[in-house]
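First residue of the sequence shown: 215, per our numbering; consecutive thereafter.
Backbone N, C-alpha and C define an ideal beta-carbon position, used for all residues, glycine too.
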Amino acid sequence: MAAAAEMFGRYGFARTTMGDIAQAAGVSRPSVYTLYPGKDEIFAAVADAFTNSKLALIRAGLDGHPTLHDKLLFACTTWSVDAFENMLANPDARDLMNLAFPSIRASYARFGQLLAEILRESADAQWAGQSVDELARVIVFSIRGFKDTAQTGAEMAKLIEILISAITCPITTGR
Numbered sequence: 215m216a217a218a219a220e221m222f223g224r225y226g227f228a229r230t231t232m233g234d235i236a237q238a239a240g241v242s243r244p245s246v247y248t249l250y251p252g253k254d255e256i257f258a259a260v261a262d263a264f265t266n267s268k269l270a271l272i273r274a275g276l277d278g279h280p281t282l283h284d285k286l287l288f289a290c291t292t293w294s295v296d297a298f299e300n301m302l303a304n305p306d307a308r309d310l311m312n313l314a315f316p317s318i319r320a321s322y323a324r325f326g327q328l329l330a331e332i333l334r335e336s337a338d339a340q341w342a343g344q345s346v347d348e349l350a351r352v353i354v355f356s357i358r359g360f361k362d363t364a365q366t367g368a369e370m371a372k373l374i375e376i377l378i379s380a381i382t383c384p385i386t387t388g389r
């Protein structure tokens, strides 16, 4: 699976072949097919492993961030920035974020569930009538949209910081 993750991370889904994965793993192509029936299945396994790893990393680090703002910022930058930087370094890998892949939709849904958990834990959270699930979805897909406009990892991190600040420290107009 590590070889598949490396190939998908470098060349994206479209350009990666089962032969590429086999060669990177140092095994024959038929050997890869004994483990996975096709490229879609190995991609789904890689996406699931990536998601498990990222979510575990986020969960492990949350206690070090005392405020809702800090927790959300940590979770969102940990989830997004290095993956975005990989896409910048490997433009063919941009197709890995395509929501046409069920495994990618599932990854975003699982990240959204984690954000909703973080939001629910905030004792003083007021969301102007919005559910935490809706707010988590707004965060997840706003960040996904930033990947289309940011030019650097630092810019991506800054956009995430602005979003999280806007959500956790809303401006009141006195109305």
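- The beta carbons of Asn304 and Gly252 sit no closer together than 8 Å.
- By the neighbour-count definition (other C-beta atoms within 10 Å, threshold 16), Leu313 is an exposed residue.
- Ala217 is the residue among Lys268, Lys361, Ala217 and Asp284 whose C-alpha sits nearest the C-alpha of Phe257.
- For Thr231, the secondary structure class from DSSP, reduced to helix, strand or coil, is coil.
- Contact annotation: the segment 351-369 touches the segment 283-303, with at least three C-beta pairs closer than 8 Å.
- Along the segment 320-383, the alpha helix (DSSP H) occurs as fully enclosed runs of 4 or more residues at 346-363 and 367-382, listed in sequence order.
- Contact check for Cys290 against Ile381 fails: the beta carbons are separated by 8 Å or more.
- For Ser336, same chain residues with a beta-carbon under 7 Å away, outside a window of 5 residues either side, are Leu282 in chain order.
- From the listed residues Ala274, Phe264, Met215 and Gly343, the smallest Cα separation to Ala239 is found for Met215.
- The residue from Ala320, Tyr250, Asp254 and Val241 with its alpha-carbon nearest to that of Ala228 is Asp254.
- In this structure, DSSP gives Tyr247 a helical state, which the three-state scheme calls helix.
- Annotation for Ala219: Val260, Ala263 and Phe264 place their beta carbon closer than 8 Å to its own, counting only its chain and skipping 5 residues before and after.
- Within the same chain, Cβ atoms closer than 8 Å to the Cβ of Ser242 are found at Ala236, the five residues on either side in sequence being excluded.
- Excluding five sequence positions before and after Gly275, the CB atoms of its chain that fall closer than 8 Å to its own CB belong to Phe288 and Thr292, given in chain order.
- In the displayed model, Asn312 falls within coil according to three-state DSSP, outside both helix and strand.
- Apart from sequence neighbours up to five positions away, the residues of its chain that approach Val354 with a beta-carbon distance below 8 Å are Tyr322, Phe325, Gly326 and Leu329, ordered along the chain.
- In this structure, Arg319 lies away from Gly226, with their beta-carbon atoms at least 8 Å apart.
- Rounded to the nearest angstrom, the Cβ distance from Arg334 to Val352 is 15 Å, too far for a contact under 8 Å.
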